[in-house]
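Colleague:
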Amino acid sequence: MHWKIYLLAELMVTVSYANEDFNYAFPGGLYTYGSCTFLYLILLITSHDEKEVDLLKAIKTTVTDPNVYQSKGLDNIPSFGFRKGAQIVVPYRFFLPKKFFRDFAILVTLKPNDDQGGNLFALNNPFDTLTELGVSLEAHDASKTNITLFYSDHRKDTASRVLASFLVNRFTGKWTSFALKVQGNEISLYFNCNLREKVTIQRRPKQLQFDDASKLYIAYGGAILQRSYVGEIQEMKIFADPNVADTQCDIEATDRQLSSSGDEELPIVPLDEDSANEIVDTNERNNFEEVISPPPVISPPPPDFPQDVRVLLEAARDDRTDNLILPWGTPTSPLEQKSRLGYTVMQI
1 MHWKIYLLAE LMVTVSYANE DFNYAFPGGL YTYGSCTFLY LILLITSHDE
51 KEVDLLKAIK TTVTDPNVYQ SKGLDNIPSF GFRKGAQIVV PYRFFLPKKF
101 FRDFAILVTL KPNDDQGGNL FALNNPFDTL TELGVSLEAH DASKTNITLF
151 YSDHRKDTAS RVLASFLVNR FTGKWTSFAL KVQGNEISLY FNCNLREKVT
201 IQRRPKQLQF DDASKLYIAY GGAILQRSYV GEIQEMKIFA DPNVADTQCD
251 IEATDRQLSS SGDEELPIVP LDEDSANEIV DTNERNNFEE VISPPPVISP
301 PPPDFPQDVR VLLEAARDDR TDNLILPWGT PTSPLEQKSR LGYTVMQI
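Each residue of the sequence shown is one higher than the one before, counting from 1 in the UniProt record's numbering.
1) Leaving out five residues on either side along the sequence, give the residues of the same chain with a beta carbon under 6 Å from the beta carbon of Trp-175.
2) Can you give me the C-alpha to C-alpha distance between Phe-94 and Val-168, rounded to a whole angstrom?
3) Smallest Cα separation from Pro-66: which of Ser-228, Gly-81 and Ser-143?
4) So, helix, strand or coil for Ile-106, using DSSP?
5) Quick check: the region 218–226 against the region 192–201, are there 3 or more CB pairs under 8 Å?
6) Shortest alpha-carbon distance to Thr-148 belongs to which of Ala-223, Thr-172, Phe-178 and Asp-128?
7) Whose CA, out of Asp-141, Leu-180, Arg-170 and Pro-126, lies closest to the CA of Arg-155?
8) Tell me whether Ile-201 sits in a helix, a strand or coil according to DSSP, three-state version.
9) Can you have a look at Asp-234 and say buried or exposed, based on whether 16 or more other CB atoms are within 10 angstroms of its CB?
10) Among residues of its own chain, excluding the 5 on either side of Arg-204, which ones have a beta-carbon nearer than 7 Å to its beta-carbon?
11) May I have the straight-line CA-CA distance separating Val-162 from Glu-186, to the nearest angstrom?
12) With distances taken from CA atoms, which of Gln-248, Phe-191 and Leu-55 is nearest Ile-88?
13) So, helix, strand or coil for Asp-153, using DSSP?
14) Given Gly-85, which residues of its chain have a CB within under 6 Å of its CB, disregarding the five upstream and five downstream residues?
15) Please report the Cβ distance between Lys-237 and Leu-130, rounded to the nearest whole angstrom; I am assuming they are in contact, meaning their Cβ atoms lie under 8 Å.
16) Would you identify the three-state DSSP class for Pro-91, choosing helix, strand or coil?
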């Protein structure tokens, strides 16, 4: 939590020197974000769930890149497409903690558009010379592709270290899901929801601690490492629970169900002949049945009092406590007759 508060304070100091936009500078580059984006990033700092990291959210925090577009993935679930030249880069601390998960799972659903592969994501040191954490695709031959996981210690390593690399059939132009499960000294690859391979590894360190000024690239490896990914990505998440890799297809099925909920039309049930005739008969009766309404009630006109008297209703007379309400006129006078009708009359 301390790293979040520190970054928030640093951004607030920087933004005070700008009007509409602000510049966030750190070793390795200068990044400009709009004022609305700034508010969104602050929200991410204070509220994102560190046990589940959606790396595609980094795309929403950057200035619009013409080489990034929206598309439809499996079952019309929204996805992002990347052309060559797309450069999505954000400070990693907006999404990942400084001290990374000891065990974890990486889930990806994608469709490459060329055979060259590229970096799906890369968390690089400030000088872009080392990938501390990342996943890339690389063509092996005409029919095979390597899925590689990078895992490097920026304090000791001088070059990016490959933790494991798995050889799979090429899947260019096909929607494909895979998951990397890192637990203890083992790493497993699930390819299209099937356990493809499991290898024993030696991790150094057991738990990564990123450089404060490291950067997160999406579909790109940085200015030096480069290797852009060209294609579409529907899902790219990191989970602190490595066992999530075992249930990737279950999670995707739930996401597809939620995405399609409300889109299905209600079935139309045909009526039998008797039910249809009954509806017609009812409509005919409604059309020809004469409706008899009671005659309107006509209220009698109010009595005509002389101008030198005022009239109070019986209910109002009961509420009066003064001595202004007096019997008026003789029994044979018009005022007395009108008093008998339920009015009280008094002299003005």
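Each residue gets a CB set at the ideal place from its N, CA and C atoms; glycine is no exception. Here the structure is a predicted model, which is why all the values come from computation and not from measurement.
Modeller: Result, derived from the coordinates:
1) Leu-74 and Lys-111
2) 33 Å
3) Gly-81
4) strand
5) no
6) Phe-178
7) Pro-126
8) coil
9) Reading off the sequence, residue 234 comes out as Gln, not Asp. So Gln-234 counts as buried.
10) Asp-153
11) 14 Å
12) Leu-55
13) coil
14) Asn-67
15) Not a contact, Cβ separation roughly 23 Å.
16) strand
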